[in-house]
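K.L.:
Each protein sequence line maps, in turn, to chains Z and L. Position 16 (the first sequence) corresponds to 16 in our numbering; numbering is contiguous. Converting from the second sequence to our numbering requires adding 1000 to each position, the first position being numbered 1.
There are 2 protein chains.
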Amino acid sequence: MRQDVHLGHASRLINHGPTVLVGSAHGGRRNLMAAAWSMPVEFTPPRIAIVIDKKTFTKELVTASGGLAVSIPGRALLDATYAVGSVSGREVGDKFTRFGIESFDGPVLGLPFAADAVAWMECRLIHEPHTEEAYDTCFAEVVWAAADARVFDHGRWSFRDDNTDLHTLHHLGGGNFAWPQRTEQARPLKPST
Amino acid sequence: MRQDVHLGHASRLINHGPTVLVGSAHGGRRNLMAAAWSMPVEFTPPRIAIVIDKKTFTKELVTASGGLAVSIPGRALLDATYAVGSVSGREVGDKFTRFGIESFDGPVLGLPFAADAVAWMECRLIHEPHTEEAYDTCFAEVVWAAADARVFDHGRWSFRDDNTDLHTLHHLGGGNFAWPQRTEQARPLKPST
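1. Looking only at C-alpha atoms, which of L:L1061, L:R1012, L:V1108 sits nearest to Z:W37?
2. Quick one: what's got a C-beta closer than 7 Å to Z:T164's C-beta in the same chain, skipping five residues either side?
3. Could you pull the start and end residues of the alpha helix (DSSP H) that L:S1038 belongs to?
4. Would you mind telling me which residues of chain Z sit closer than 7 Å to L:P1129, beta carbon to beta carbon, in chain order?
5. Can you look up Z:G17 in the DSSP assignment and give me helix, strand or coil?
6. According to the Cβ coordinates, are L:V1108 and L:A1010 closer than 7 Å?
7. Are L:P1073 and L:A1117 close, meaning C-beta to C-beta below 7 Å?
8. Under 7 Å Cβ-Cβ, which residues of chain Z neighbour L:L1078?
9. Which residue comes first and which comes last in the beta strand (DSSP E) that contains Z:T56?
10. Tell me which residues share the same chain as L:V1084 and place their Cβ nearer than 7 Å to its Cβ, disregarding the 5 neighbours each side in the sequence.
11. So which residues of chain Z does L:S1192 contact, with C-beta pairs closer than 8 Å?
12. To the nearest angstrom, how far is the alpha carbon of Z:I48 from that of L:H1170?
13. Please list, in chain order, all residues of the same chain as L:G1093 whose beta carbon is under 8 Å from its beta carbon, the five residues on each side excluded.
14. Mind listing which residues of the segment 1011 to 1044 of chain L have their C-beta closer than 7 Å to chain Z's C-betas, in chain order?
15. Among residues of its own chain, excluding the 5 on either side of Z:A260, which ones have a beta-carbon nearer than 6 Å to its beta-carbon?
16. Within a Cβ cutoff of 7 Å, which residues of the same chain sit near L:E1132, ignoring the five residues on either side of it in sequence?
17. Going by beta carbon distance, what residues of the same chain come within less than 7 Å of Z:T81, once the five residues before and after it are set aside?
18. Tell me the DSSP secondary structure of L:D1079 in three-state form.
19. Might you give, ordered along the chain, the residues of its own chain that have their beta carbon closer than 8 Å to the beta carbon of L:N1015, omitting 5 neighbours on each side?
20. Give every residue of the same chain whose Cβ lies closer than 8 Å to the Cβ of L:Y1135, excluding the five residues on either side of it in the sequence, and list them in chain order.
21. With distances taken between CB atoms, is the gap from Z:A119 to Z:F159 smaller than 7 Å?
22. Over what stretch of residues does the beta strand (DSSP E) that includes L:H1171 continue unbroken?
23. Counting along the chain, where does the alpha helix (DSSP H) carrying Z:G74 start and finish?
24. Rounding to the nearest angstrom, what Cα-Cα distance links Z:F177 and Z:A147 in this structure?
25. Name, please, each residue of chain Z whose Cβ falls closer than 9 Å to the Cβ of L:W1157.
26. Are L:G1175 and Z:A186 touching if we call contact CB-CB under 7 Å?
27. Quick one: using the 10 Å Cβ neighbour count with 16 as the cut-off for buried, is L:K1059 buried or exposed?
28. With DSSP collapsed to three states, give me the class of L:L1111.
29. Does any residue of chain Z bring its CB to less than 7 Å from the CB of L:T1137?
30. Mind checking who Z:H26 pairs with in its DSSP beta bridge?
31. Return the CA-CA distance between L:H1026 and L:L1061, expressed in angstroms with no decimal places.
32. When you compare only the Cα positions, how much space is there between L:G1089 and Z:S86?
33. Mind checking the segment 40 to 73 of chain Z against chain L and listing, in chain order, the residues whose C-beta falls within less than 9 Å of any C-beta there?
34. Can you tell which of Z:E91, Z:L78, Z:D4, Z:R156 has the C-alpha that lies nearest to the C-alpha of Z:R30?
35. Between Z:L109 and chain L, is any beta-carbon pair separated by less than 7 Å?
36. Looking only at its own chain, which residues have a Cβ that is under 7 Å from the Cβ of L:F1104, when we skip the five neighbours before and after it?
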């Protein structure tokens, strides 16, 4: 059900603050970690900021390859998301293999995504040594995006009762995740004065 | 029901990606805008990154005062959140007054919060001219935090069926917001190899 997402709509994929998975690869090694801290920073070109601890194996691979594969997991990957966020690939090796997470390689940079996620953004790292050092904050440009059409279509998430397994995960801490079962449309507010 | 939050837990307030309201004030003028794009970047000291368009009235006031008051709205502020995100304070004047949004001033910097939100973080801007210019991304340190104890207690959000009006808002685009009615605890995942 993977459908390309127009790059002008890429920011929508993480606009509502889901936890994401960061796939990375370089020199025959690859890794997958969870990141609760990411956000869009620009619509066009689509750019994001994401916090990747400078000491992690992921950061080492991202820096070496110059890119990252951001998968947005749905509820079906709840346990996997927490698992890959709890151990280091330096210690346990390839986390895709270790935890039985299916992967595919991105079409532009060839970086590894979680196939059973509900959306995907392949990103090229923008070299910003100061913010990477001071705040572990990496900036990146989205070069390809796709989503599962059952839950993201026409540039918009559609969280419904008939697709709850595909709803995004929002980490509250300690492995407890919220998921957005309900949505609501804001109404125009009349000025009170 | 406002209860101080230990600064070591401040990152938890936005860990799950809610849309926030940015209060600002300087020289007798004040403003309130919505921001879907923010994230923690560090636990201790608690620091956040937040995207504030450099052309906005909010950015002008934040730069002048050196601080911002981040309110985290719950569902009760759904329409207000969308309203303050849709017009500029340069054109409509004080948006607290215009839209009948109750306010209080933060205890450290005296900046204006939305009183009916469910959590609050007073932040001191960290001067980072390059990222503000290149990515509209501001870094700030949280100097005071509080939350409504009915929905955030002991350093953790507690979204339940009996407090749905206090659940946070997550902007999907176009005034459509998701809210995290359900939470789920991840279970340890056994290695598959």
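We put the beta carbon where it would ideally sit given N, CA and C, even for glycine. Given the structure is predicted, the values throughout are model-derived calculations rather than measurements.
P.N.:
From the atom records:
1. L:R1012
2. R75, Q181
3. L:S1038 -> not in any alpha helix (DSSP H); beta strand (DSSP E) instead, spanning 1038 to 1042.
4. Near L:P1129 there are no residues of chain Z at all, since even the closest Cβ is about 11 Å away, more than 7 Å.
5. coil
6. no
7. yes
8. E184, A186
9. Careful: Z:T56 lies outside any beta strand (DSSP E) and carries neither H nor E.
10. L1021, L1032, M1033, A1034, K1095, F1099
11. T97, R98, F99, G100
12. 17 Å
13. none
14. R1012, N1015, H1016, G1017, P1018, A1036, W1037, S1038, M1039, P1040, V1041, E1042
15. Here chain Z covers residues 1 to 193 and nothing more, so residue 260 of chain Z does not appear.
16. K1054, C1138
17. T19, L21, A34, P73, L169
18. helix
19. P1040
20. V1051
21. no
22. 1170 to 1173
23. Where Z:G74 is concerned, there is no enclosing alpha helix (DSSP H), given that its DSSP letter is neither H nor E.
24. 21 Å
25. L172, G173, N176, A178
26. yes
27. buried
28. coil
29. yes
30. Z:R29
31. 6 Å
32. 44 Å
33. P40, V41, E42, R47, A49, I50, V51
34. Z:E91
35. no
36. F1113, A1115
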